[in-house]
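Structure, as structure tokens:
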Amino acid sequence: MVQIVNQSRRAVLARQCEVARTFLSRGRGLLGRSSLPPGSGLLIEPCNSIHMLFMRFPIDAIFVDRQGQVVALYPSLPPWRLYAGHRRARYVLELPVGVIGATQTAIGDQIVVQPAE
29 MVQIVNQSRR
39 AVLARQCEVA
49 RTFLSRGRGL
59 LGRSSLPPGS
69 GLLIEPCNSI
79 HMLFMRFPID
89 AIFVDRQGQV
99 VALYPSLPPW
109 RLYAGHRRAR
119 YVLELPVGVI
129 GATQTAIGDQ
139 IVVQPAE
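When the letters of the sequence shown are read in order and numbered with our numbering, they come out as residues 29 to 145.
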């Protein structure tokens, strides 16, 4: 588990964030879950696109490049849709709906991955 911080806004995006690095864990993502609890998230790496097929709930998605800079934001993605993503993205952070708005995360913000507290 890791903690994800928006350094530009001094805001914690996820206190307990899982990391999906293997082919299987990246492919599975959040499938099979009924919700994403507040304070949690999933960091997928490497990844530059996602889909919401077979998902049961909406999420916020933040696309981040190799330098940790936000390159695309997708608030409140509904289930059962396809999303192209962003070609410059290296990571995708999947969060509970409302995190992007509550933290005022914007394109260009700097994201930092830290050990979970």
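Heads up, the beta-carbon is just placed ideally off N, CA and C, and yes, glycines get one too. Note that this is a predicted model, so its numbers are computed, not measured.
Whether residue 67 touches residue 44 by CB criterion (9 Å) | Yes. Within cutoff.
Endpoints, the alpha helix (DSSP H) within which residue 128 is located = Its alpha helix (DSSP H) spans residues 127-131.
Taking the Cβ atom as the reference point for each residue, do residue 122 and residue 78 lie within a distance shorter than 9 Å?
-> Against a cut-off of 9 Å, the Cβ pair of residue 78 and residue 122 comes out as a contact.
Bridge partner(s) assigned by DSSP for residue 111 | Residue 111 is not bridged to any residue.
Look at the alpha carbon of residue 141 and the alpha carbon of residue 97, and state the distance between them as a whole number of angstroms.
-> A direct Cα-Cα distance of roughly 12 Å separates residue 141 from residue 97.
Do you know how far the Cα of residue 104 is from the Cα of residue 50?
-> Residue 50 and residue 104 have their alpha carbons spaced roughly 26 Å apart.
Expressed to the nearest angstrom, what Euclidean distance is found between the alpha-carbon atoms of residue 133 and residue 52?
-> Straight-line Cα distance between these residues: approximately 29 Å.
Residues near residue 125 by beta carbon distance below 7 Å, same chain, minus five either side | Leaving aside the five residues that flank residue 125 on each side, the residues in its chain whose CB is nearer than 7 Å to its CB run, in chain order, 86, 87, 88, 104.
CA-to-CA distance, residue 74 to residue 136, given in whole angstroms | When rounded, the separation of the alpha-carbon atoms in residue 136 and residue 74 is 19 Å.
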